[in-house]
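Peer 1: Quick note, the sequences are listed as chains B and W, same order. Take any residue in the first sequence, count from 1 to its spot, add 53: that is its number in the numbering used here. Take any residue in the second sequence, count from 1 to its spot, add 842: that is its number in the numbering used here. Virtual Cβ for every residue (Gly too), placed ideally from N, Cα, C. I am attaching a structure below and will ask some questions about it afterwards.
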Amino acid sequence: MPTYTLNTPLTDADIEKLRAGDVVLLNGIIYSGRDAAHKKLMELLDAGKPLPFDLKGASIYYVGPSPAPPGRPIGAAGPTTSGRMDAYAPRLHALGLKASIGKGKRSDEVKQAMRDNKAVYFGATGGAGALLSKCITASKIIAFEELGPEAIREMTVKDFPLLVINDAFGGELYAKPKLDD
Amino acid sequence: MREIKAADISAAVAQMCMSANTMLPEDVRRKFEEGYKNESTEAGKEIFRQLLENADLSAETKLPLCQDCGLAIFYVELGEDVYVPGGINKAITDGMVAGYKDGFLRKSSCHPLERKNTGDNTPAIIHIDFVPGDKLKISYMAKGGGSENMSRVTMLSPSQGWEGIKKFVVQRVAEAGPNPCPPTILGIGIGGNFEQAPKIAKKALLRKLDDVHPDPKVAAMEAELLEAVNKLGIGPMGLGGSYTCLAVKIALAPCHIASLPLAVNVQCHSARHEEVEF
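Take a look at the structure:
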């Protein structure tokens, strides 16, 4: 399967070449954000206030890392279940979010938003938190520190290994369950 | 009465929390190795390869296997002749808090509506069974939110029987798809009542993956369910393949003549649990 090395921020041209099943090694800055942080981002948008990072070309990683032990930039940092962010993702895609990173299924609304706004959904391997943390070379909290593991972090990643689960053309990698009836 | 010091219990619990989150149980590792060898899809094989590498790295660096170090669940068998000055609940909770702090484990417990993190992973969820004698056994399970969210309890009608149970379980796994980090382990509680079925379902997850249920009828049911869910082809991380589920563990309990309670507790592949005895 094709493998691409991409740098953030992602462009329309980057997204257009990706198809479900492609391997991507992502480099640059990504932002962590999960349930509570997304809720707060929506509150900022509702109030017409600026977000803590620029959404244009951005990639959000659905992760709540474990605490960094001394000498390491971050603890274990694998993906959380993306579906819980489905309520928020379309609005962020409309404002320039190019990629989300997580695990598990996305809603039809999110898939439509990815088609409408040239964006993709990447899967990272769930439960490989120690392994994935090796690709995160720096991390700092940039917003909502009070949320603890759910705070928004700016993370620098090097060759972060991802699979394109949903592309911008309606393609999907996940296997459909084979049910008899 | 035999006295067991609370400090000894706390120290053992703290150690157990740190160890279980960084040392993949041997029986789980063996299943990963089997999956790496036998999985029919390349994508699935690659997931097993990564999970084995992750386990090695976690053991070496003491970074948790998974960032979701779970709510801390404890199953306690407390001898009726055991006395713990200060109380067993406090001893376990103190140990859990220390283990999650000193092991740099993630604290994942929050207020249900305000969503404010409790900050120290409290409360521990502690189930105590009193047993005859003067021994104490504490089993710890780190249960992550992603797989727990895919778990269900339902009250079937007795007329639905085994076929109804099988249908519900297969449907549950199909609907969960890639979400609970397959390959999963299923704890199935059949019988009891509305609160007992999920309790025995989750406790069944403490069994070794390669053990065989002592009742041949139940062992056959476990094999039948495992085969049925693996036919779904969801595969490791939902990428397709023959390993959707690593094992099915069934627990039975008598129920009301009007009821057939059923609970399906889904456990992700990172099946972290340990036990200690005093």
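On the criterion of 16 or more Cβ atoms from any shown chain inside 10 Å, does N1107 of chain W qualify as buried, or is it exposed?
Peer 2: Residue 1107 of chain W sits at position 265 when you count from the first residue of the second sequence. A buried status is given to N1107 of chain W, since no fewer than 16 other beta-carbon atoms sit within 10 Å of its beta-carbon.
Peer 1: Residues bridged to Q1109 of chain W by DSSP?
Peer 2: Taking the first residue of the second sequence as position 1, residue 1109 of chain W is located at position 267. Its beta-bridge partners are W:I1027.
Peer 1: Starting from F874 of chain W, trace the alpha helix (DSSP H) in both directions and tell me its first and last residue.
Peer 2: Against the second sequence, residue 874 of chain W aligns to sequence position 32. Note, F874 of chain W: alpha helix (DSSP H), 868–880.
Peer 1: Any contact of the region 80–89 of chain B with the region 190–203 of chain B, i.e. 3+ C-beta pairs under 8 Å?
Peer 2: yes
Peer 1: Cβ atoms of L907 of chain W and M983 of chain W: under 8 Å apart, would you say?
Peer 2: Residue numbering aside, residue 983 of chain W sits at position 141 when the second sequence is read from its first letter. Residue numbering aside, residue 907 of chain W sits at position 65 when the second sequence is read from its first letter. For M983 of chain W and L907 of chain W, no; Cβs fall outside 8 Å.
Peer 1: I1032 of chain W and L1051 of chain W - do their beta-carbons sit closer together than 8 Å?
Peer 2: For the purposes of this step, residue 1051 of chain W is taken as the residue at position 209 of the second sequence. For the purposes of this step, residue 1032 of chain W is taken as the residue at position 190 of the second sequence. No, the pair does not count as a contact, with Cβ atoms beyond the cut-off.
Peer 1: Taking Q857 of chain W as the reference, which of W:E1064, W:I1076, W:A940 has the closest Cα?
Peer 2: Within the second sequence, numbered from 1, the residue matching residue 857 of chain W stands at position 15. Checking every option, the nearest Cα to that of Q857 of chain W belongs to W:A940.
Peer 1: If contact is defined by three or more beta carbon pairs under 8 Å, each pair taking one atom from either stretch, is the region 219–228 of chain B in contact with the region 950–969 of chain W?
Peer 2: no
Peer 1: For S85 of chain B, return the contacting residues in chain W, with the cut-off set at a CB-CB distance below 7 Å.
Peer 2: The sequence position of residue 85 of chain B within the first sequence is 32, counting from 1. The contacting residues do not exist; S85 of chain B stays about 10 Å from chain W at best.
Peer 1: Please classify I846 of chain W: does DSSP put it in a helix, a strand, or coil?
Peer 2: The residue you call residue 846 of chain W lines up with position 4 of the second sequence. Coil, per DSSP.
Peer 1: At what residues does the beta strand (DSSP E) containing K1091 of chain W begin and finish?
Peer 2: Counting from 1 along the second sequence, the entry for residue 1091 of chain W is found at position 249. First-last of the beta strand (DSSP E) with K1091 of chain W: 1087–1095.
Peer 1: Sort out for me which residues DSSP pairs K193 of chain B with in a bridge.
Peer 2: Looking up residue 193 of chain B in the first sequence gives position 140. Partner(s): B:E207.
Peer 1: When you compare only the Cα positions, how much space is there between I967 of chain W and L1104 of chain W?
Peer 2: Position 125 of the second sequence, counted from the first residue, corresponds to residue 967 of chain W. Position 262 of the second sequence, counted from the first residue, corresponds to residue 1104 of chain W. Cα-Cα distance, rounded: 21 Å.
Peer 1: Suppose you measure from the CA of G945 of chain W to the CA of N170 of chain B; what does that come to, to the nearest Å?
Peer 2: For this step, residue 945 of chain W is matched to residue 103 along the second sequence. For this step, residue 170 of chain B is matched to residue 117 along the first sequence. Those two C-alpha atoms are separated by around 42 Å.
Peer 1: Which chain W residues sit within Cβ distance under 7 Å of T178 of chain B?
Peer 2: To locate residue 178 of chain B, count along the first sequence from 1; it is residue 125. Chain W residues near T178 of chain B: I889, Q892, M1079.
Peer 1: Against chain B, with Cβ distances strictly below 8 Å, would P1121 of chain W count as a contact?
Peer 2: Outside the modelled stretch of chain W, which goes from 843 to 1120, sits residue 1121 of chain W, for which no answer is possible.
Peer 1: Compare the Cα-Cα distances from D233 of chain B to each of W:A862, W:A1016, W:P1024 and report the closest residue.
Peer 2: Against the first sequence, residue 233 of chain B aligns to sequence position 180. Selected option, being the one with the closest Cα: W:A1016.
Peer 1: Determine the extent of the beta strand (DSSP E) in which F916 of chain W is found, giving its start and end residues.
Peer 2: If you number the second sequence from 1, residue 916 of chain W lands on position 74. Residues 913–921.
Peer 1: Residues in its own chain within less than 8 Å of L1081 of chain W by CB, not counting five upstream and five downstream?
Peer 2: Within the second sequence, residue 1081 of chain W is the residue found at index 239, counting from 1. Cβ neighbours of L1081 of chain W beyond the five flanking positions: T883, A885, G886, I889, P1020.
Peer 1: Round the Cβ separation of I934 of chain W and I1007 of chain W to the nearest angstrom and send it over; I've been treating them as touching at under 8 Å.
Peer 2: Position 92 of the second sequence, counted from the first residue, corresponds to residue 934 of chain W. Position 165 of the second sequence, counted from the first residue, corresponds to residue 1007 of chain W. At roughly 34 Å, the Cβ-Cβ gap does not stay under 8 Å, so I934 of chain W and I1007 of chain W are not in contact.
Peer 1: In angstroms, rounded to a whole number, what distance separates the CA positions of T1086 of chain W and G176 of chain B?
Peer 2: Start at 1 with the first residue of the second sequence, and residue 1086 of chain W comes out as number 244. Start at 1 with the first residue of the first sequence, and residue 176 of chain B comes out as number 123. If I take the Cα positions, the gap works out to 17 Å.
Peer 1: Taking any Cβ of chain W, which residues in the region 135–166 of chain B have a Cβ under 9 Å from it, in chain order?
Peer 2: S135, G136, R137, K156, G157, K158
Peer 1: Can you give the Cα-Cα distance for D962 of chain W and Y942 of chain W, rounded to whole angstroms?
Peer 2: Looking up residue 962 of chain W in the second sequence gives position 120. Looking up residue 942 of chain W in the second sequence gives position 100. Rounded to whole angstroms, D962 of chain W to Y942 of chain W spans 7 Å at the Cα level.
Peer 1: Taking any Cβ of chain B, which residues in the region 1020–1039 of chain W have a Cβ under 7 Å from it, in chain order?
Peer 2: Residues of the region 1020–1039 of chain W with a C-beta less than 7 Å from any C-beta of chain B: P1020, N1021, C1023, listed in chain order.
Peer 1: Among W:G1077, W:G937, W:D898, which has the Cα closest to the Cα of P1024 of chain W?
Peer 2: In the second sequence, residue 1024 of chain W corresponds to position 182, counting from 1. Closest by alpha carbon: W:G1077.
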